[in-house]
Amino acid sequence: MANPITNYATLLVALEEYLSRDDLQTYAPLFIQQAEGRFNTGLKVVDMHKSTGGVDLTAGAIALPSDFIDWVAVEWTPPAGPQRPLMLRYVEADSPEFRTRHRPNGPPQFYTLLAGKVRVMPAATGKLDLTYYARLPPLTEAQPTNWLITKAPEIYLYGALLEAMLFQKDEERSGQWFGLLDKRLGEVFGAGDTQKTGARTTRAAVEAAEASAAKAVS
10 MANPITNYAT LLVALEEYLS RDDLQTYAPL FIQQAEGRFN TGLKVVDMHK
60 STGGVDLTAG AIALPSDFID WVAVEWTPPA GPQRPLMLRY VEADSPEFRT
110 RHRPNGPPQF YTLLAGKVRV MPAATGKLDL TYYARLPPLT EAQPTNWLIT
160 KAPEIYLYGA LLEAMLFQKD EERSGQWFGL LDKRLGEVFG AGDTQKTGAR
210 TTRAAVEAAE ASAAKAVS
């Protein structure tokens, strides 16, 4: 590649160079979008953590963020008085804890998701701070960068090339790109949230695998 991948435009150029097929290049934005869907489903790392900050509770609830994937933690802060902030425990909406197993006039103990809102029980006033896994901000011409392409642009490239090979129903080549993608994800993020990195292969081995996969695509 003539230029490094730094944003959406340079990622498109890299995909065109790797694909080397005019009939596939028009699908490059779709391959990127599908790769982002794969990342949103498969990744849960600290880089995806996001906080709402203290949001005022209305009728014991706040709106669920539009980019929400999964919970990390919920903290309730009372409006005033001696009560200290509390970390709440998630329960299902139809659980006995949420329905009846709480002190009606006490501070919140539990939270759940119900009708697009984060609800606490017992219902209370105050503020709720939801920390959660957020969806990857999608790359577009208007929003050409996000934290993942800045941190590990090759992950975007491998993911998009994997989707291109799946689009062609090419099992062998999709397997090659999946292997490179999975390997690089492990190197960058390690074991999930801990971000511990296991034994790394040498860069030469990674470059050889990438060259082999790229040659198979051409």
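Numbered by our numbering, the letters in the sequence shown go through residues 10 to 227 in order.
Using N, Cα and C, we set each Cβ at its ideal position, and we do this for glycine too.
Query raised in the report: Is S183 helix, strand or coil by DSSP?
Result: When DSSP states are grouped into helix, strand and coil, S183 belongs to the helix group.
Requested in this report: Could you tell me whether the segment 144–156 touches the segment 86–93, using the rule of 3 or more Cβ pairs below 8 Å?
Outcome: Two segments are said to touch when three or more pairs of C-beta atoms, one from each, lie closer than 8 Å; by this definition the segment 144–156 does not touch the segment 86–93.
Query raised in the report: Would you say the segment 64–71 touches the segment 116–130, given that touching needs at least three Cβ pairs under 8 Å?
Result: The answer is yes - the segment 116–130 touches the segment 64–71, with three or more Cβ pairs under 8 Å.
Query raised in the report: In the segment 58–110, which residue ranges form an unbroken beta strand (DSSP E) of at least 3 residues, counting only runs that do not cross its ends?
Result: Within the segment 58–110, the complete beta strand (DSSP E) runs of at least 3 residues are 58–60, 70–72 and 77–86.
Report task. Just list the beta strand (DSSP E) runs in the segment 131–160, keeping only unbroken ones of 3 residues or longer that don't cross its boundaries, in chain order. Result -> Taken in chain order, the complete beta strand (DSSP E) segments of 3 or more residues contained in the segment 131–160 are 136–143.
Report task. Within its chain, find whatever has a CB closer than 8 Å to the CB of N114; leave out the 5 residues flanking it on each side and keep chain order. Result -> Cβ neighbours of N114 beyond the five flanking positions: P131.
Requested in this report: Whole angstroms is fine: what's the gap from R112's alpha carbon to F119's?
Outcome: Going by the C-alpha atoms only, they are around 11 Å apart.
Query - Pair within 7 Å by beta-carbon distance, V197 and A161 - result: Contact: yes.
Query raised in the report: Just to confirm, does P38 get its C-beta within under 6 Å of one of the non-hydrogen atoms of the ligand ZN?
Result: Because no ligand of any kind appears in the structure shown, any question about the ligand ZN cannot be addressed here.
Requested in this report: Starting from L123, trace the beta strand (DSSP E) both ways and give me its first and last residue.
Outcome: Annotation for L123: the continuous beta strand (DSSP E) segment containing it runs F119 to L123.
Query raised in the report: Which first and last residues belong to the alpha helix (DSSP H) in which T50 is found?
Result: Element bounds for T50: A37 to G51.
**Report entry** Inter-residue CB distance, L33 and I158 (contact presumed, cutoff 8 Å)
**Finding:** The pair is not a contact, with the Cβ atoms about 21 Å apart (cut-off 8 Å).
Requested in this report: Starting from the C-beta of G168, find all residues in its chain whose C-beta is less than 7 Å away, skip the five residues before and the five after it, and write them out in chain order.
Outcome: Taken in chain order, the residues that qualify are A44, R47, F48 and L190.
Report task. Kindly indicate which residue of P146, D179 and K178 has the alpha-carbon position closest to the one of Y165. Result -> Nearest of P146, D179 and K178 to Y165, Cα basis: P146.
Query raised in the report: What is the residue span of the alpha helix (DSSP H) that Q34 lies within?
Result: Where Q34 is concerned, the enclosing alpha helix (DSSP H) stretches over D31 to Q34.
Report task. Would you kindly report the start and end of the unbroken alpha helix (DSSP H) that includes T15? Result -> For T15, there is no enclosing alpha helix (DSSP H), as DSSP gives it neither H nor E.
**Report entry** Expected contact under 8 Å - CB spacing of D56 and Y141 to nearest Å
**Finding:** About 13 Å; that fails the 8 Å criterion.
Query - Simplified DSSP assignment, three categories, for V129 - result: V129: strand per DSSP, three-state reduction.
**Report entry** Bounding residues of the alpha helix (DSSP H) (the contiguous stretch that carries P162)
**Finding:** Start and end: P162 to F176.
Query raised in the report: Among the residues of its own chain, which have a CB less than 6 Å from the CB of V22, if the five just before and after it don't count?
Result: Counting only Cβ-Cβ distances below 6 Å, and skipping sequence neighbours, we find nothing.
**Report entry** G199, DSSP secondary structure in three states
**Finding:** Three-state result, G199: coil.
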